[in-house]
Each structure stands twice: as structure tokens, then as C-alpha cells.
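Sequential numbering from 1 applies to the sequence shown in full-length UniProt numbering. The C-beta atom is built at its ideal place from N, Cα and C for all residues, glycine as well. Structure first, then comments.
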Amino acid sequence: MSVPIVLPLSNDDKERLDSCAAFALEFKGQKVAIMRNPEFYEHRKEERCARQWGTTCPQHPYIKMVMESGDWLAGGDLEVFERIRWNDGLDQYRLTPRELRQKFKEMRA
């Protein structure tokens, strides 16, 4: 089962970005990526949690995070400027969207 890469948005953010052809994504004040050709979807939180994690238990940390996030999701063509490093020992396993697409192609997935 695929896991979509989406950005939760508030109603205000969705309204502000709805007519944009592209917008920048920031982390700690730094622009890290551009999302082009964004599409917006209603954030069906309970359904997303049930499908993605098989539970809707509010004590689960990811369920809590999803349920407290925005009512809209944005997805689109993502251009990441530089590899984001968390320096937690797992950075070597984190691939960019382009690297993931290439890996899937190689695997015929």
C-alpha cells in the first residue's frame, strides 16, 4: 500500500494557496522545497489514520498528530533543494522524491 506524501493545511492556508501555481515550503525559516501544481483534498483524518496505521486510537502519537492537523491536504510536484539531514543515524535511508521514483523504477514497483 502506498503512503501519500501530503502537507496538512488550515482553512486559512488553503484559501491563501488555492490559486497559486507553486509555493515554497519552509522549515525553521529556511526554504527547503517548492511544491508545484498543488492539488487540495479534504483531510479525512479518521479514514487516513485507519488506512495508514490500522487504528484510530487517540493515544497513538501519530494519530494524535494527524487529528490535530489541518482540515486540508496539499500534494503536488515536489522539488527539494537540498537533502534534509536530521543527524539521527538514519539519514542514509532517507531518499528524495526523485531518488524514490528512480528506486521504484529499478524495482519495477
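Checklist entry - Cβ of Tyr41 within 8 Å of Cβ of Leu78? => result no
Checklist entry - Which value, in whole angstroms, describes the spacing of the CA atoms of Gln85 and Asp18? => result According to the sequence shown, residue 85 is Arg rather than Gln. Distance between the alpha carbons of Arg85 and Asp18: 30 Å.
Next on the checklist: To the nearest angstrom, how far is the alpha carbon of Asn11 from that of Ser69?
Outcome noted: 11 Å
Item to check | Among Val80, Leu90, Ala109 and Asp88, the one whose alpha carbon lies nearest that of Ile5 | outcome: Val80
Item to check | Member of Glu39, Gln30, Phe104 and Val32 whose CA lies at the smallest distance from the CA of Pro8 | outcome: Glu39
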